[in-house]
Amino acid sequence: MSEAKRTAGHGAFNHFDNLYYPGAVYFPETGHNLRNSFKAYWEANGGLSIYGYPISEEFYEVNPDDGNNYVVQYFERARFEWHPENSGTPCLEMDCYVRRDG
1 MSEAKRTAGH GAFNHFDNLY YPGAVYFPET GHNLRNSFKA YWEANGGLSI
51 YGYPISEEFY EVNPDDGNNY VVQYFERARF EWHPENSGTP CLEMDCYVRR
101 DG
């Protein structure tokens, strides 16, 4: 993991002991939380059976296609990227590892 993904010694992929975020769901299986728009999208579109457990917290990452920073969260089988610029409302784009690998 690159140091760019670490903040104050807390990496996005480190396990956390049930950090409290209002409205979040904590997954002891991976030590990560799911909240906000990512949680709503995950729950409405297949959840655990489609995307798997969260394996990171939300964090900023540069998208190599456009060079912009976006809030992302990694799951066992997906990567969510938040695009607030789409239609003026938050939009989630899923980048499946399966699709990416062919």
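Everything in the sequence shown is counted per full-length UniProt numbering, starting at 1 for the first residue and increasing by one. From the three backbone atoms N, C-alpha and C, an ideal C-beta is built for every residue, glycine too. Please read all numbers here as calculations on a predicted model, not as lab measurements.
DSSP state of residue i mapped onto helix, strand, coil
i	result
Glu43	helix
Asn69	strand
Asn33	strand
Tyr26	strand
Tyr51	helix
Proximity winner among the options, relative to residue i (alpha-carbon distances)
i	options	result
Asp65	Gly31, Thr30, Phe27 and Glu81	Glu81
Pro22	Pro28, Leu34, Ile55 and Glu29	Leu34
Arg79	Asn36, Val71 and Val25	Val71
Residue i, enclosing beta strand (DSSP E) - first and last residue
i	result
Arg79	Arg79 to Trp82
Tyr60	Phe59 to Val62
Residue j beta carbon less than 7 Å from that of residue i
i	j	result
Tyr60	Glu76	no
Same chain, Cβ closer than 8 Å to residue i, neighbours up to 5 away in sequence not counted
i	result
Glu29	Tyr53
Beta-carbon proximity list for residue i, same chain, < 6 Å, skipping 5 on both sides
i	result
Glu58	Val71 and Gln73
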